[in-house]
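These notes are about the structure you will find just below.
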Amino acid sequence: MEFPGFDQNTKLAAVYYNGGTPPHLFRIRDDVTLSELKDELDQINNQLNHKDTRRVVGVEYRCPLSDSTGSLRFSRMKHKNDDNVRTMFSVFGQHSTRGPIELDALLVRSAEQILKSLHRTRNYEEIRALLEGPEEVEVSLDDP
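The sequence shown maps to residues 7 to 150 in our numbering.
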């Protein structure tokens, strides 16, 4: 059965941003590079939180592992290069019969964004006023 617009070279993925829930579902191409994956995750985060200036700096795959008893548990596999991404698809293809690829994306602000939030440019008058301090005001305790 054919589905219009469905690409067989994609897999369903669930991304958790900074460990948050619920996950956000999207389709990921089998031939994606790590750089492209991070860009795609940035775009999804930007669509979900358009004011968020954080960027994806790390991606981990929640890799399914089965033990000798057949119990399934997850191990985290950090993506450091394109080979790690290809390995993810290979492992997913061997272990998963249903469900999405589960990813954790680490979002952080750039150093530039952090500095912008810490320092506010002040003009000469504001700096002078801060250095001089408040003017002294006489206070009378006597009733008028």
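We treat Cβ as the ideally placed atom computed from N, Cα and C, and that holds for glycine.
A contact is defined here as three or more CB-CB pairs under 8 Å, and the region 28-46 meets this definition with respect to the region 80-94. Given a length threshold of 4 residues, each whole run of the alpha helix (DSSP H) inside the region 15-56 is given here in chain order: 40-54. Y67 is bridged by DSSP to M83, L109. If you draw a straight line from the Cα of N24 to the Cα of R35, it is about 22 Å long. Secondary structure note for D89: its alpha helix (DSSP H) is the uninterrupted segment 88-101. DSSP, read as helix, strand or coil, puts R128 in coil. Comparing alpha carbon positions, the residue from D58, L113, H101, S74 closest to V21 is L113.
Sequence-distant Cβ neighbours of I50 in its own chain, meaning closer than 8 Å and more than five residues away, are V21, H30, F32.
Under DSSP, S72 shares a beta bridge with L78.
For the pair Y130 and L137, the Cα-to-Cα distance works out to about 11 Å. With respect to the C-alpha of R115, the residue from R61, L54, Q53 having the closest C-alpha is R61.
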